[in-house]
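*Asks:* Got a structure here, written out as structure tokens. Questions coming.
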Amino acid sequence: IIPAMHVEGHVDHCMYAFGSCYKESCRHFHGKTAEHLWPMLNQFCKITRQMAPGGYKDTLVKFQNHWNKQKVGNMGMRTFI
């Protein structure tokens with residue numbers, strides 16, 4: 001899913017293929033939602049800067065998986081509060 005303001009810069013068929021308003025069971029979000037990850041990801045710059053490509057990639061994938069798991073867990077809590 002690509003944020004609405006970002007998908008507008010792509011070719012037209014991207015909006016229909018990746019826009020949140022065309023996906024089943026998908027919530028709408030403002031364009032800055034996709035950027036919430038960057039401040040947390042910036043903390044890893046010093047750690048990953050000198051890593052080999054494989055370690056760098058693995059570290060970022062693990063971090064993003066952890067970030068997504070926390071985000072999904074918080075979504076469930078918001079639903080019932």
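Just so you know, we're using the UniProt record's numbering here: the sequence shown kicks off at 1 and counts up by one.
From the three backbone atoms N, C-alpha and C, an ideal C-beta is built for every residue, glycine too.
Because the structure is a prediction, the values reported are computed rather than measured.
What's the call for residue 73, buried or exposed, on a 16-neighbour Cβ count within 10 Å?
*Replies:* Here the question's residue 73 lines up with position 73 in the sequence shown. That one is exposed.
*Asks:* Exposed or buried, what is residue 19 when buried is set at 16 or more other beta-carbons lying within 10 Å of its beta-carbon?
*Replies:* By one-based count along the sequence shown, residue 19 stands at place 19. Buried.
*Asks:* What is the rounded straight-line gap between the Cα of residue 70 and the Cα of residue 47?
*Replies:* As a first step, residue 70 must be located in the sequence shown, where it is residue number 70. As a first step, residue 47 must be located in the sequence shown, where it is residue number 47. The straight-line gap from Cα to Cα measures roughly 22 Å.
*Asks:* Quick one: give me the first and last residue of the alpha helix (DSSP H) that residue 40 is part of.
*Replies:* The sequence position of residue 40 within the sequence shown is 40, counting from 1. Counting along the chain, the alpha helix (DSSP H) containing residue 40 begins and ends at 37 to 42.
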